[in-house]
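These notes are about the structure you will find just below.
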Amino acid sequence: MKAAIIYTSITGNTSALAELIHEKMEEKGITADLIPVEEFHKHHFHEYDIMAVGTYSWDNGEIPLEMEEVYEAFETEDVKKLATGVFGTGDSFYPYYCGAVDLFRDMLYVHTNLAVTLKVELTPQDEDIIRCEKFCDRLISEVAVVS
Ligand SMILES: Cc1cc2nc3c(=O)[nH]c(=O)nc-3n(C[C@H](O)[C@H](O)[C@H](O)COP(=O)(O)O)c2cc1C
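Given below as structure tokens:
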């Protein structure tokens, strides 16, 4: 079983969360690759059983520009059986807290086998470690059920 963690981050919060998820996946014996969104390619869809997408939110809960290509790739490729999860960081000061996570969730629910979502306020804290662990567990059990 292999997992890809595709993420974007400007100030480091989402990359810290991506690294935590990566660590937890590996602890559970899953080979996981951290892929910054600039390095994403559609062929990745065929190389992994699990894909976790990580994004911050921008401009009234929007998806950052650099994530649009991966969003559209999920919409157009045949990824119906791919187990997916979406995670992100945001700031609840804004009206659409982690809005980009919600937008990805709705799209992934339609086009993939969406297993789980995770929202974290700014930088991940100690209590988020267990949430990352649960995030990984949900993804892994989804693949176990389908295969
Ligand atoms: C101009 C601006 C707009 C933002 N808009 C939102 C928003 O609509 N919703 C939200 O939850 N967070 C919003 N944020 C907060 C970021 O998503 C948050 O700081 C996030 O953790 C940044 O992730 P990064 O450190 O991975 O770049 C905004 C931040 C800035 C600077």
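Residue numbers (numbering that gives the first Met the number 0): 0 to 146.
Each residue gets a CB set at the ideal place from its N, CA and C atoms; glycine is no exception.
All values derive from a computational prediction rather than experimental measurement.
Is it buried or exposed, residue i, if we count other Cβ atoms within 10 angstroms and call 16 or more buried?
i	result
F92	exposed
V85	buried
V69	buried
D58	exposed
K133	exposed
K118	buried
G11	exposed
L107	buried
Suppose the cutoff is 7 Å on Cβ atoms and the five residues either side in sequence are ignored; what does the same chain contact list for residue i look like?
i	result
G128	Reading off the sequence, residue 128 comes out as Ile, not Gly. Taken in chain order, the residues that qualify are L19.
A15	T122, P123
Here's a check: name, in chain order, each residue in its chain whose Cβ is nearer than 6 Å to the Cβ of residue i, leaving out the five neighbours to either side.
i	result
Q124	none
A114	A82, G84, R137, L138, E141
Y96	G89
A3	D32, I34, H43, Y47, M50
Nearest to residue i by alpha carbon, out of the options?
i	options	result
D77	S14, E141, N112	N112
T83	I62, F44, G89	F44
Y47	L33, E37, Y55	L33
L138	I49, E26, S56	I49
G53	T30, M66, E120, K27	M66
V36	K27, E26, K23, Y55	Y55
S8	K80, V109, A143, L64	L64
Y6	E26, E38, M0, K27	E38
T75	A99, A2, E22, V109	V109
V100	K80, A51, K79, T30	A51
Can you tell me whether residue i is helix, strand or coil according to DSSP?
i	result
E61	strand
D148	Residue coverage of the chain in this structure runs from 0 to 146, which leaves residue 148 outside it and unanswerable.
D136	helix
D48	coil
I9	coil
Say whether chain C places a C-beta atom closer than 9 Å to the C-beta of residue i.
i	result
I5	Any reference to chain C falls outside this structure, which holds one protein chain only.
For a minimum of 4 consecutive residues, which ranges assigned as the alpha helix (DSSP H) are wholly contained in the segment 84 to 123? Runs found: 98 to 110.
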